[in-house]
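Report on the following structure.
Number of protein chains: 2
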Amino acid sequence: MTTNSYMTHLECSKCGTVHDADTLQQLCRECAAPLLVRYDLQAAAAHLKKEDLLTRPASLWRYKELLPVREEQNIVSFGEGMTPIYTAPRSGAQAGVPNLYIKDEGILPTGTFKARGAAVGVSKALEVGVKTLGMPTNGNAGGAWALYAARAGIQSYIVMPENAPTITRNETAISGADLFLVNGVISDAGKIVGKAVAENGWYDASTLKEPYRIEGKKTMGYEIAEQFNWDVPDVILYPTGGGVGLIAIYKALLELQEMGWIGDKMPRLVSVQASGCAPIVKAWQEGKKESEFWPDSETIAFGVNVPKALGDFLVLEAVYSTNGCAIAIDDADTLRAQQTLANLDGAFICPEGASLYAAVEQLKRQGWLKAEEKVLMLNTGAGLKYPNTVQINPPLLQPGDDLLQ
Amino acid sequence: MTTNSYMTHLECSKCGTVHDADTLQQLCRECAAPLLVRYDLQAAAAHLKKEDLLTRPASLWRYKELLPVREEQNIVSFGEGMTPIYTAPRSGAQAGVPNLYIKDEGILPTGTFKARGAAVGVSKALEVGVKTLGMPTNGNAGGAWALYAARAGIQSYIVMPENAPTITRNETAISGADLFLVNGVISDAGKIVGKAVAENGWYDASTLKEPYRIEGKKTMGYEIAEQFNWDVPDVILYPTGGGVGLIAIYKALLELQEMGWIGDKMPRLVSVQASGCAPIVKAWQEGKKESEFWPDSETIAFGVNVPKALGDFLVLEAVYSTNGCAIAIDDADTLRAQQTLANLDGAFICPEGASLYAAVEQLKRQGWLKAEEKVLMLNTGAGLKYPNTVQINPPLLQPGDDLLQ
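In the order they appear, the protein sequences are chains A and B. Just so it is clear: in the first sequence, position 11 is 11 by UniProt numbering, and no numbers are missing. Just so it is clear: in the second sequence, position 75 is 75 by UniProt numbering, and no numbers are missing.
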């Protein structure tokens, strides 16, 4: 059965060259930049109504007409998507931003937003006939892609830094993927994968080297608009490693504007990085359109340890176009923020997500955020995938002991 | 704003004594058995239509009229519920049960089904004025209750076995709860909590010692019916520790029958335990109505390491009444099942949930399950909370190495 996808073609994000959308594609064959999926949004808007969505299942596939998969039978899914948005009233009040919201991507299969990219990316890979894929990862994407690939019957080769969160090794390995560690950072993993992909003719599932992962992540933007009743918050903060999440939300909101489903208002998009790996922030501060490789990068927010993102120019474009900003957060502030959110509002989120709260505090102090604004933090994953960020030493009792001595 | 709850009273599960539903209650004051929440289901069915649910948010609060919280403002929520049901086609085919489904409770805040009980339990605790609660736990319930309690502004004292999954310590501690470990099993933790609760006048949030946790878990049953389009599968398997999940699903289905929302067909309910802690299975094999304390219990499926459940008689009643059964699974079979589900269908679920697949294999071999039956496995949590169940040793590369030598 058809999904009624309105996808028309792929378009190079740099040179605009058009590519076929239903055959295996990687980067632009002209200029090696990422390809973006384009749709006939006028036709989509003419046939699909917002109200049609109301009775659909609460997964990202509710937007199937605006996704690249053509046939329902190729959808590889665990029912992912429509993650909740909840308030953080006490943390918000403490930071002086009472209308503070968290969209919680920890509540997804594999516990991070990476499930979205994997769901759509693997589904389309299956549709165009991929049998084997390779990818470098900081852990979470690898776990997600490996499990979705297993469900699709696609073999995967995953390379991650040795000090990526160990739980992500489990997810990857138990799927039957071939897992390798590298004594280095994600760019080292990327080089190893690049070579293997070229030599073996595999599909390269690296960030933005295939065009469909971003389409999965785009659904975060659709959901935000739908969950805010086809309005948008004033500000959206996003932790930025490879940057696809932020690029994708921006793409989604532009698409919804073109469809007339939301108005002209665009949230200011904030790219949050770690002080130990902040190439986008540095480029933004210098008013540049691209970032430079960040040497010796290091942070406990491991997902954002990306020294040079292929899509850096798209992240910066989204930030500049929306009058957003970019800000770097020290690991100590991130850990404190993680504790504050759990203590005050019961939200145990990952360090990448928690860094956003430290950014909210700083941007409010600087006057960049106003007290009355609606501010949405996009938490990318569950706190429980990062056991090492919580240091505790609870008392040990013996059977029959009293609780309070 | 009112929730329009149709709750009328609490009823003792053993002696039938009626208790007030809007004041702080623990066990039956007559016979110390668990209390069950009762509703005016005729009135609910007269005013609420199945179709009303279609456009409600995808959380367990969509069933608010059938839950015990009276006022919307007391709802303590992270948007939990409406977890996906997906198929496990390859694992199902391999076991000879092609219509095999997983309802995945890993896709909830805190990564397990315990979030449901905590959401409704903490909300109602807030509504009846609780300031401090105490509870023993095998880990996951403690993490969930601690975080929901933090969100509600309720102080909590949590006691868990020293060898409970370490990630659950993080969740509990980061919430600001007072966490204690005990060199023993959950019944040892329960004795310590019982004493502290009595001495300090705290709310006892132990399994079935407060009446509302079961109401949260009941929503699994409502969701199953709604997701199967107001039909039910032929068989539901549930990993059984304290047993509340299974009791609650049975309660939900009986309520839906009384409302006329589902027909007479009741799924056969299967209680799955670990061979190292199988008191319910032993009682069922002996045709008894209650279980005996299981000494020296031990299993890697830590959540079901409950030597004697307070609600054992209710679990057994649900199994007997539905022509279900009870079965114990060896840890080795559970680990193999966990691997199979991830390998064949990409589902990385917790050992408690994985044990259900080993049960499906055995029950099919015994002829108890038929090939054409719709079989639902209720996975209680995410695999990633149990890093120790996956043993791997991936190769370590150096930057510049070749992937395949």
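Idealized CB from N, CA, C, for every residue including glycine. Just so you know, these numbers come straight off a predicted model, no measurement behind them.
Per DSSP, which one or two residues make a beta bridge with residue i?
i                      : result
A:M377                 : A:I102 and A:L237
B:R38                  : B:H9
B:V159                 : B:P136 and B:F180
B:E317                 : In DSSP, B:E317 forms no bridge with anything.
A:C28                  : In DSSP, A:C28 forms no bridge with anything.
residue 488 of chain A : The first residue shown for chain A is 1 and the last is 405, placing residue 488 of chain A beyond what the model contains.
A:T112                 : A:G381
A:L396                 : B:L181
A:E71                  : A:T2
Given that a residue counts as buried once 16 or more other Cβ atoms are within 10 Å of its Cβ, and exposed if not, what is residue i?
i      : result
A:W230 : exposed
B:C15  : exposed
B:E30  : exposed
B:H47  : exposed
A:N140 : buried
A:D188 : buried
B:S321 : exposed
A:P395 : exposed
B:D296 : exposed
B:T137 : buried
A:T23  : exposed
A:F293 : exposed
B:D20  : exposed
B:D104 : buried
B:R268 : buried
B:N393 : exposed
Go ahead and pull the three-state DSSP assignment for residue i.
i      : result
B:D178 : strand
B:T299 : coil
B:I349 : strand
A:A33  : coil
B:L363 : helix
B:V197 : helix
B:V128 : coil
A:V97  : coil
A:V120 : helix
A:E80  : coil
A:A292 : One point to set straight first is that residue 292 of chain A is Glu, not Ala, in the sequence displayed. Reduced to three states, the DSSP call for A:E292 is coil.
B:E372 : coil
B:V18  : strand
B:K265 : coil
B:V390 : coil
A:T166 : helix
A:L310 : coil
How is the beta strand (DSSP E) around residue i delimited, first residue to last?
i      : result
B:L269 : R268 to A274
A:A328 : C325 to I329
B:Y86  : I85 to T87
Thinking C-alpha only, which one of the options is nearest residue i?
i                      : options                           : result
A:G129                 : A:N74, A:I107, A:V18 and A:V272   : A:N74
B:L403                 : A:G383, A:I280, A:K195 and A:D330 : A:K195
B:S271                 : B:E258, B:S77 and B:Y238          : B:Y238
B:G201                 : B:S156, B:L316 and B:Q227         : B:S156
A:N4                   : A:A33, A:C12 and A:Y39            : A:Y39
B:M220                 : B:E162, B:L344, B:L376 and B:D52  : B:L376
B:A33                  : B:D331, B:G311 and B:L316         : B:G311
A:W145                 : A:V193, A:G117 and A:E127         : A:G117
B:G134                 : B:L147, B:T17 and B:I158          : B:I158
A:N343                 : B:N170, B:G81 and B:E71           : B:N170
residue 406 of chain A : A:G121, A:A248, A:L67 and A:T168  : Examination of residue 406 of chain A is not possible in this model, given that chain A is present from 1 through 405 alone.
A:F302                 : A:T2, A:I214 and A:N388           : A:N388
B:Q273                 : B:D330, B:A248, B:V232 and B:Y101 : B:D330
B:R62                  : B:T299, B:I280 and B:K218         : B:K218
A:A125                 : A:A309, A:Q227 and A:P211         : A:P211
A:R151                 : B:A88, B:S275, B:A252 and B:L363  : B:A88
Go to residue i, then tell me how far its alpha helix (DSSP H) extends in each direction, as first and last residue.
i      : result
B:N4   : Segment: none, B:N4 is in no alpha helix (DSSP H) and carries neither H nor E.
A:Q227 : R213 to Q227
A:V281 : P279 to Q285
B:I247 : V244 to M259
A:K209 : First-last for A:K209: undefined, no H or E at that position.
A:L53  : K50 to L53
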